[in-house]
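Engineer: Handing you a structure now.
Protein chains in written order, with this note's numbering: chain A, 17 to 267; chain B, 856 to 1436.
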C-alpha cells in the first residue's frame, strides 16, 4: 500500500491567456519521491512549476496539490545586491505560513536559524546573501523552503553553475530531505544526474514520458523531448543532450 | 547662519522637510529595492500638469497633482508588459507630461502659474496645508512599512515565493506607488515637481553604499534626507536658488563624496560616513559668510527702483535701503526671493508702490516675521489716472504714478515724514535732504515740459511696449496712440489681431517712432517698426530705473532720458532735450 500522493495531475493543460503552453500532463509525486523534470527550453518546465505553485490555473484536466509547495528558484542578478542576510532570506519562508498582517517573531527566526544549520550553513547566517557562493545560495533557498514547512520542494535548475563538490553536496541534501518524507521535483538539463532520481517526467509542450528513469528514458523519448538535439557519446553508448546556451523563460 | 532659521517661512520649510524625511527616506529604500526609481521620478513629473491645471482652473493644487500622478501611475501600470518596455513607456509619458505642463502653463493659463516654482519649488509658498500633507504621508508610510515592509522585501527578492493567499505583487506595487504619489505631492511645494527624486532617491542610494542591511539602510536614509534637506534649505535661503535645486545639489554632492570615499581605499564605513557629514557641514559653514550689520542705521525696504532712489535721496547716510527690485527687472511678474524676506526681517519701514504693482510685498513682510509699517505711496499721490478693470493686475488706478513728477514730489514728502517718525534723531537731516531733492524734481518737471512743448502737438504721438506712460503723457500733452501690449501690465499678451491693428494705426497716424522699454524684450516692437517704417531706436524706462552707469540710473536722469528719447523719436532725431551723444 503506497502513501497518498502529494501531487496528482491528470490530463492537465496550463497556459497563458487561455492558450495552452503544456497539455496532457498526468503524473503523481509521492512522499519521499524525487522526480527530475526534463525538457528543452520553452518546453514548459517553468509553466508546470508555476501551476504547481498555484500561480496558473489549469485550462483542462485536474491538478491536486495536497501539501504546501515551496519553490527554490534560480538566483537572479538583482538578488545579489539585495540588503538581506542568509538568515533574513531563510526567515522569509515564515511569511507563507503566517497571515499577511502578522510579522514573523523570535520563534520564526529560531526556526530559520535551525534550517540553515540543517543545510550546513550555520556559520554563515549573518553573511549577506549576495556574497555567498552559488551552491550556498541554493542551500539558503532550500532552508527557506524548510521554514515554509513545505512538504513539496520545487527546484528550478539548482545545479546549473555549480562546481562538482557543491553539486554533490546539494544532491545529498536533496536526497536526505526526500528521505524525511518530502516530495522533490527538480527541473534540470543534466540527463546523467536525472538517472539517479526516483523518476523522470519528460516535457516538450506535451508530456512525452513519465516513470523510473531506467524504464522511461530511451532514445525515442529523448528525441521527442529534445527534438533531436541529442548525441550518442562515442564508444560509451551513453546519451548526452547538447546543452543549450541560453535560458529563456517562456512568457 | 542660525538667524536664517528664525525667519518664519524658513521654519515652516524646516518643519516640512524634517517631516518629509520620514516618508522620503523610507520610500526611497523601497523604491530602490523594488526597481521603481525611474517610475517614481516620473510620478513626480506627471504631477506637474496637474498642478498647472489646478492653478489655472482654481481648485486645490495638491488635488490636481495627486490626481495627475495617480492617473499616470495607473496608466503606466496598464501599459507595461511585466518585463521589457516599461522604461520606454514611462519615458514617453514623462516627456508628454512635461510638455503638456509647460504648454498649459505658458499658453493656456498665461501668467497664472510660474513654471520655475512649480518645477523646482519655493520655500516661500510652504503653508500649513503642506505640512499637514507631509505629516499624513509620514504616518501612512510608517503604517504601510510596518504592515507591508516584509512583503515588499519578499516580493522584490523573489515574486515566486508568494502563494495564492499572499498579497498580490501588483497590489504591493500599487500601494507603494500610491504612497510615492502622496509623498511627492506633499513635497511639491518645497522641492518642485522635477526634483522630487533628489529628495527620495539620492539619499537612499547614498545610504545604500554604507550599509547592506535593511534596517540600518532605512534609518540612514531618513537621517540623510533630513540632513541634506536642512543644509539644502539653508543654502537656498542664502543663495536665493529654488530649494529643490539646492537640495538636489547637496544630495548629489553627498553621494559623490561617499562614492569617492569608498573608491579611494576601502575605508571603514564609519570613517566614510564621518567624512561625508564633515564635508556637508563644511559646505554649510563655508557659505555662511553673510553680510554684517549696518552700524545702527535705520533699515528701510523699498520695493521698486524708483522708490529706492527716493528713499536714498531723503535718508542719505542715516538709513540703509534694502531695495527688492533690481534695475531692469519687471515688477509685474516678480516673485519674491528668500533674501527679500530676510532683508525685510530687520526693517522698520517698508515703502511700497501700491496699486497692485507690488502686491507681493505684504507676503514678504509677514513671512519675515517683521512688524514693519508698510507705507503705500500710491495711495497718497495727488494725480491719479484710471486703472484697468479686469485682468491679473486690475486696480482702481494706473500704477505707474511716478512718471508724473508732481506725484514723485508727494511721495518724497511722505517718505520724509515717515522717516522722521521712525528716526526722530535725524529729522533735520531728512528735512534738508528732501527740501533739496524737491527743488530738483520741480526743475525736472519744468525742463521736460519746456522740451516736449517745443515739439508741435500733432507730432507728439506715442507708441510703447505697454501702457506705462499714461501719467507722463497726461502731464506733458502727449497723445498715446497704442501699445504693443495693450495693457497696463506686462503680463498680458498681444494677439496677432491686436498687432496688425496697431500696425494699421501707426501707418494711419503717421507715427514716426515706436519706443521699446528697457526692462522688456524689444523684439515685437522692432518687428512692428520694421513693418511700418517707424524707428525703434529710442528706448524708454517704463517700470524700472536703468542700471548704474546708464542714463536711467536715477529717477531724475531716467525721466530726463525718457523725455529726450521721446522728443528725438517725435522729431525723427532732429531735436532732443539733451545734446546728442
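Idealized CB from N, CA, C, for every residue including glycine.
1. Which bits of chain B does residue 95 of chain A rub up against, with CB to CB less than 8 Å?
2. For the alpha helix (DSSP H) holding residue 1355 of chain B, just list the boundary residues, first then last.
3. What whole-angstrom Cβ distance do residue 1259 of chain B and residue 1326 of chain B have, given they're in contact under 8 Å?
4. Compute the Euclidean distance between the alpha carbons of residue 925 of chain B and residue 956 of chain B, then round it to the nearest angstrom.
5. Using a cut-off of 9 Å between C-beta atoms, extract the partners of residue 108 of chain A located in chain B.
6. Taking Cβ-Cβ distances below 9 Å as the criterion, which residues of the stretch 116-148 of chain A are in contact with chain B?
7. Which value, in whole angstroms, describes the spacing of the CA atoms of residue 1217 of chain B and residue 917 of chain B?
8. Please name the residue in A:101, A:111, A:25, A:87 whose C-alpha comes closest to that of residue 1003 of chain B.
9. Classify residue 180 of chain A as buried or exposed, calling it buried when 16 or more other Cβ atoms lie within 10 Å of its own Cβ.
10. Nearest-angstrom Cα distance between residue 1036 of chain B and residue 1095 of chain B?
11. Quick check: the Cα distance between residue 1358 of chain B and residue 1090 of chain B, rounded to an integer number of angstroms?
12. Skipping 5 residues on each side, what residues in its chain have a beta carbon closer than 6 Å to that of residue 1010 of chain B?
13. Could you tell me which chain A residues have their CB closer than 8 Å to the CB of residue 867 of chain B, listed as they occur along the chain?
14. Which one of A:64, A:53, A:197, A:144 has the shortest CA to CA distance from residue 206 of chain A?
15. May I ask you to report which of helix, strand or coil DSSP gives residue 75 of chain A?
16. Enumerate in chain order the residues of its own chain whose CB-to-CB distance from residue 26 of chain A is below 7 Å, with the five nearest sequence positions on each side excluded.
17. Alpha carbon to alpha carbon, how far is residue 46 of chain A from residue 990 of chain B? Give it in angstroms, no decimals.
18. Taking the continuous beta strand (DSSP E) assigned at residue 886 of chain B, which residues delimit it?
19. How long is the line joining the alpha carbons of residue 937 of chain B and residue 889 of chain B, rounded to whole angstroms?
20. Is the stretch 1066-1081 of chain B close to the stretch 1153-1171 of chain B, with three or more CB pairs under 8 Å?
21. With DSSP collapsed to three states, give me the class of residue 1079 of chain B.
22. Pair every Cβ in the stretch 1297-1309 of chain B with every Cβ in the stretch 1425-1432 of chain B, then say whether three or more of these pairs are closer than 8 Å.
23. Is residue 1002 of chain B close to chain A, meaning its C-beta is less than 8 Å from at least one C-beta of that chain?
24. How big is the Cα-Cα spacing for residue 1279 of chain B and residue 1293 of chain B?
25. Is it true that the stretch 163-175 of chain A meets the stretch 183-190 of chain A, where meeting means three or more beta-carbon pairs spaced less than 8 Å apart?
26. Do you know offhand how far residue 880 of chain B's Cα is from residue 147 of chain A's?
27. Tell me which residue opens and which closes the alpha helix (DSSP H) that residue 41 of chain A is part of.
28. Return the CA-CA distance between residue 1386 of chain B and residue 1350 of chain B, expressed in angstroms with no decimal places.
29. Could you compute how far the alpha carbon of residue 915 of chain B sits from the alpha carbon of residue 998 of chain B?
30. Would residue 89 of chain A be called buried (16 or more neighbouring beta carbons within 10 Å of its own) or exposed?
31. Spell out the partners DSSP gives residue 204 of chain A in its beta bridges.
32. I think residue 1401 of chain B touches residue 1373 of chain B, with their Cβ atoms under 8 Å apart; what is that distance to the nearest whole Å?
33. Classify residue 958 of chain B as buried or exposed, calling it buried when 16 or more other Cβ atoms lie within 10 Å of its own Cβ.
34. From the DSSP output, in three-state form, read off residue 967 of chain B for me.
35. Return the residues of the stretch 1071-1104 of chain B that lie within a Cβ-Cβ distance of less than 7 Å from chain A, sorted by chain order.
36. DSSP three-state label for residue 858 of chain B, please.
Structural biologist: Straight from the coordinates:
1. Counted from its first residue, the first chain places residue 95 of chain A at position 79. Within 8 Å Cβ-Cβ: 1012, 1013.
2. Numbered from 1 along the second chain, position 500 holds the residue referred to as residue 1355 of chain B. Where residue 1355 of chain B is concerned, the enclosing alpha helix (DSSP H) stretches over 1351-1363.
3. Stepping through the second chain from its first residue, residue 1259 of chain B is reached at position 404. Stepping through the second chain from its first residue, residue 1326 of chain B is reached at position 471. Indeed, because the Cβ distance is near 4 Å, the residues count as touching under 8 Å.
4. Here residue 925 of chain B refers to the residue found at position 70 of the second chain. Here residue 956 of chain B refers to the residue found at position 101 of the second chain. Going by the C-alpha atoms only, they are around 16 Å apart.
5. Here residue 108 of chain A is taken as the residue at index 92 of the first chain, counted from 1. The contacting residues are 1005, 1008, 1009, 1012, 1013, 1016.
6. 116, 117, 119, 120, 144, 145, 146, 147
7. The count along the second chain starts at 1 and reaches residue 1217 of chain B at position 362. The count along the second chain starts at 1 and reaches residue 917 of chain B at position 62. When the Cα atoms are used, residue 1217 of chain B and residue 917 of chain B turn out to be separated by approximately 24 Å.
8. As a first step, residue 1003 of chain B is located in the second chain; it is residue number 148 there, counting from the start. With distances taken between Cα atoms, residue 1003 of chain B lies closest to A:111.
9. Within the first chain, the letter at position 164 stands for residue 180 of chain A. Answer is exposed; the Cβ neighbour count stays below 16.
10. Taking the second chain and counting its residues from 1, the one referred to as residue 1036 of chain B is at position 181. Taking the second chain and counting its residues from 1, the one referred to as residue 1095 of chain B is at position 240. Each residue's Cα considered, the two are about 28 Å apart.
11. Position 503 of the second chain, counting from 1, holds the residue named residue 1358 of chain B. Position 235 of the second chain, counting from 1, holds the residue named residue 1090 of chain B. In a straight line, the C-alpha of residue 1358 of chain B is about 49 Å away from that of residue 1090 of chain B.
12. What you label residue 1010 of chain B is simply residue 155 of the second chain in a count that begins at 1. Sequence-distant partners of residue 1010 of chain B (beyond 5 residues in either direction) whose C-beta falls short of 6 Å from its own C-beta, in its chain, are 1024, 1027.
13. Indexing the second chain from 1 puts residue 867 of chain B at position 12. Within 8 Å Cβ-Cβ: nothing; residue 867 of chain B doesn't reach chain A, min ~35 Å.
14. Reading the first chain from its first residue, position 190 is the one you call residue 206 of chain A. That would be A:53, whose Cα lies nearest to the Cα of residue 206 of chain A.
15. Within the first chain, residue 75 of chain A is the residue found at index 59, counting from 1. Of the three classes helix, strand and coil, the one that applies to residue 75 of chain A here is coil, per DSSP.
16. In the first chain, residue 26 of chain A corresponds to position 10, counting from 1. Contacts found: 42, 77, 78.
17. Mapped onto the second chain, residue 990 of chain B falls at position 135. Mapped onto the first chain, residue 46 of chain A falls at position 30. About 55 Å.
18. Counted from its first residue, the second chain places residue 886 of chain B at position 31. Counting along the chain, residue 886 of chain B falls outside any beta strand (DSSP E), though it belongs to the alpha helix (DSSP H) covering 863-888.
19. Taking the second chain and counting its residues from 1, the one referred to as residue 937 of chain B is at position 82. Taking the second chain and counting its residues from 1, the one referred to as residue 889 of chain B is at position 34. Confidence at residue 937 of chain B is low in this model, with a pLDDT of 49, below 50, so its placement is unreliable and no value can be given for it.
20. no
21. The residue labelled residue 1079 of chain B in the question sits at position 224 within the second chain. Of the three classes helix, strand and coil, the one that applies to residue 1079 of chain B here is helix, per DSSP.
22. yes
23. Position 147 of the second chain, counted from the start, is the residue given in the question as residue 1002 of chain B. Answer yes: the Cβ-Cβ gap between residue 1002 of chain B and chain A drops below 8 Å somewhere.
24. Position 424 of the second chain, counting from 1, holds the residue named residue 1279 of chain B. Position 438 of the second chain, counting from 1, holds the residue named residue 1293 of chain B. Per the coordinates, the alpha-carbon of residue 1279 of chain B lies some 21 Å from the alpha-carbon of residue 1293 of chain B.
25. yes
26. For this step, residue 880 of chain B is matched to residue 25 along the second chain. For this step, residue 147 of chain A is matched to residue 131 along the first chain. Each residue's alpha carbon lies about 26 Å from the other.
27. Within the first chain, residue 41 of chain A is the residue found at index 25, counting from 1. Element bounds for residue 41 of chain A: not the alpha helix (DSSP H) but the beta strand (DSSP E), 35-45.
28. Counting from one through the second chain, the residue named residue 1386 of chain B turns up at place 531. Counting from one through the second chain, the residue named residue 1350 of chain B turns up at place 495. Going from the Cα of residue 1386 of chain B to the Cα of residue 1350 of chain B covers about 16 Å.
29. Sequence index remark: in the second chain, residue 915 of chain B carries index 60 (1-based). Sequence index remark: in the second chain, residue 998 of chain B carries index 143 (1-based). The alpha-carbon atoms of residue 915 of chain B and residue 998 of chain B are separated by roughly 26 Å.
30. Stepping through the first chain from its first residue, residue 89 of chain A is reached at position 73. Counting every other CB atom within 10 Å of its CB across the protein chains shown gives residue 89 of chain A a total of 16 or more, marking it as buried.
31. Against the first chain, residue 204 of chain A aligns to sequence position 188. Answer is A:54, bridged to residue 204 of chain A.
32. For the purposes of this step, residue 1401 of chain B is taken as residue 546 along the second chain, with counting starting at 1. For the purposes of this step, residue 1373 of chain B is taken as residue 518 along the second chain, with counting starting at 1. The C-beta distance from residue 1401 of chain B to residue 1373 of chain B rounds to 6 Å, short enough to meet the 8 Å contact threshold.
33. What you label residue 958 of chain B is simply residue 103 of the second chain in a count that begins at 1. Its Cβ having fewer than 16 others within 10 Å, residue 958 of chain B is exposed.
34. For the purposes of this step, residue 967 of chain B is taken as the residue at position 112 of the second chain. Because the pLDDT at residue 967 of chain B is just 46, under 50, the model does not fix this residue reliably, and the value given afterwards should be weighed accordingly. Correct three-state label for residue 967 of chain B: helix.
35. 1072
36. Within the second chain, residue 858 of chain B is the residue found at index 3, counting from 1. Helix.
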